[in-house]
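A short write-up of the structure that comes next.
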Amino acid sequence: MQRKLPAILLCLALASAASAQEGIKLQAPDRIRDVASIESADLATLKPGTVLFTDHRDNPSNPESGLVPYLDWGKLRPAERAVLAPHAAYAEPNYTTIVNGVPKPRHETLKVYVAQGRFVVPKPASAIDLSAYATLPFVSKMDPVIKHKALNPADVTPTKDPAAAFARRPDRSWCADGTVCIESRYDLEGKLPLGVKLANKLEEGAAKKVAEFVSFQSELRVLPQAEAAGLGTLTKLDTPVAGGLEQTIFWVNQILRFGKFLAVLQPMPGDASKTVVTTYMALAIKADVLDRKQEYARVPVLKNLLPAQVLMGNSSFNTGTSISAGLPVYARNRTAAFADALAK
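Taking the numbering used here, the leading residue of the sequence shown gets 293, the next gets one more, and so forth.
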């Protein structure tokens, strides 16, 4: 019996069998400037409105360029991993699955995509109230095609479902301590819904149907000053940290395992009338979604399609400006939208 293909990739391929592979399609605003390192850029020449951006994709023709195994991430960029993982003690998931009625232990490996951005806001950090951005209405404006609603902390999946216990925090419950708790849903765009329907038809009888959407749960919070103060080690900017805003995705229904958006505010070196904002977006992909290649040879529409090409925006059927466009476009647009919001 043919091994079941990763759901999202099968739908994408079926929906675009006639599409040829193309280069990366970056649909973010032109003012985003790709750099090798945001830390080495000269802030004195950075004009308000311009966003420096890097996602470590040194070789974009390689579909997995910019992805790093979770365990290697901690070795290569320990300060980044310490802050951008869901919590300090986070480890790759271990859980039990049922195969033909028999419990089987499983270890899940992850690969991480990290994007960094930096921009200057022409007003002092003291004039920016981060609590105005730690709200459900603000998150809804960042990417209008993703729909959000308030989530009761008691209904958080890792708290409620014993099978998701591996995603719990060891130090506190998700959405505790006055954080904003959010349930989000992204309906796949373009040809992708058709692909989902085709995939479900081909896999009739499967225990789990392919979802036509990506749903995720997150908490949004302004970081306590004591916690934010240490982020200068991460930004490598030699001025005191004025504040931090963080959204942590701790549960996703498919493809990804976790995500985090972090913004760190610091006075502009030599000019406290301006604020330097450094942003980070980390998204952890389930490695088994990326690593299956041999089995595609048996399915004609998958022969020239690598999983990483879809997620990293290298396919001609990547569409829109959100998740369906691929992670690099999604990260660029989220960074640009946040920069626009702070500039107002």
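Beta carbons are placed, not taken as given, at the ideal position from N, Cα and C, and that holds for glycine.
Small disclaimer: the values here were computed from a predicted structure and weren't measured.
- Assignment of residue 611 by DSSP, reduced to helix, strand and coil, places it in the coil class.
- One Cα belongs to residue 366, the other to residue 550, and the distance between them is close to 16 Å.
- Just measuring C-alpha positions, the residue of 372, 567, 418, 481 sitting nearest residue 616 is 481.
- In the DSSP assignment, residue 430 falls within the unbroken alpha helix (DSSP H) covering 428-434.
- Contact annotation, residue 557 with residue 524: C-beta distance approximately 11 Å; criterion of less than 8 Å not satisfied.
- Bridge partners of residue 573 according to DSSP: 407, 553.
- Close CB contacts of residue 634 within its chain, under the 7 Å cut and outside five residues either way in sequence, are with 413, 420, 569 (chain order).
- The three-state reading of DSSP puts residue 401 in coil, since its state is none of H, G, I, E or B.
- Listed in chain order, the beta strand (DSSP E) elements of length 3 or more contained wholly in the stretch 323-368 are 324-326, 343-346, 359-361.
- Between residue 583 and residue 337, the alpha-carbon positions lie close to 42 Å from each other.
- In this structure, residue 472 sits near residue 426, with a CB-CB distance shorter than 7 Å.
- Distance check between residue 344 and each of 409, 394, 386 places 409 closest, using alpha-carbon atoms only.
- About 5 Å separates the beta carbon of residue 387 from that of residue 458, a gap short enough to meet the 8 Å contact definition.
- Taking C-alpha positions only, residue 563 is separated from residue 547 by approximately 43 Å.
- Residue pairing by DSSP places residue 482 opposite no residue, since no beta bridge is assigned to it.
- Residue 438 is positioned such that its CB atom lies no closer than 7 Å to that of residue 405.
- The C-beta distance from residue 623 to residue 573 rounds to 5 Å, short enough to fall under 8 Å.
- When C-alpha distances from residue 380 are compared across 396, 527, 540, the shortest belongs to 540.
- Counting of Cβ neighbours within 10 angstroms places residue 580 among the exposed residues, the total staying below 16.
- A straight line joining the alpha-carbon of residue 326 with that of residue 393 spans about 50 Å.
- Bridge pairing for residue 513: 538 [DSSP].
- Here residue 373 carries a helix assignment [DSSP, helix/strand/coil].
- Membership of residue 387 in the beta strand (DSSP E) is indicated by the continuous run 386-391.
- Each of 399, 543, 571, 397 was checked against the Cα of residue 451, and the nearest Cα belongs to 543.
- Between residue 423 and residue 514, the C-beta gap is smaller than 7 Å, which places the two residues in contact.
- Here residue 356 is near residue 600, since their CB atoms are less than 7 Å apart.
- From the listed residues 346, 340, 341, 339, the smallest Cα separation to residue 328 is found for 346.
- The C-alpha of residue 510 is placed about 21 Å away from the C-alpha of residue 401.
- For the options 342, 503, 433, the alpha carbon positioned closest to that of residue 486 is the one of 503.
- In this structure, 334 is the residue among 334, 602, 470 with its C-alpha nearest to the C-alpha of residue 528.
- Around the beta carbon of residue 552, 16 or more other beta carbons lie within 10 angstroms, which makes this residue buried.
- Residue burial is scored here from C-beta neighbours: residue 407 has at least 16 other C-beta atoms within 10 angstroms and is therefore classed as buried.
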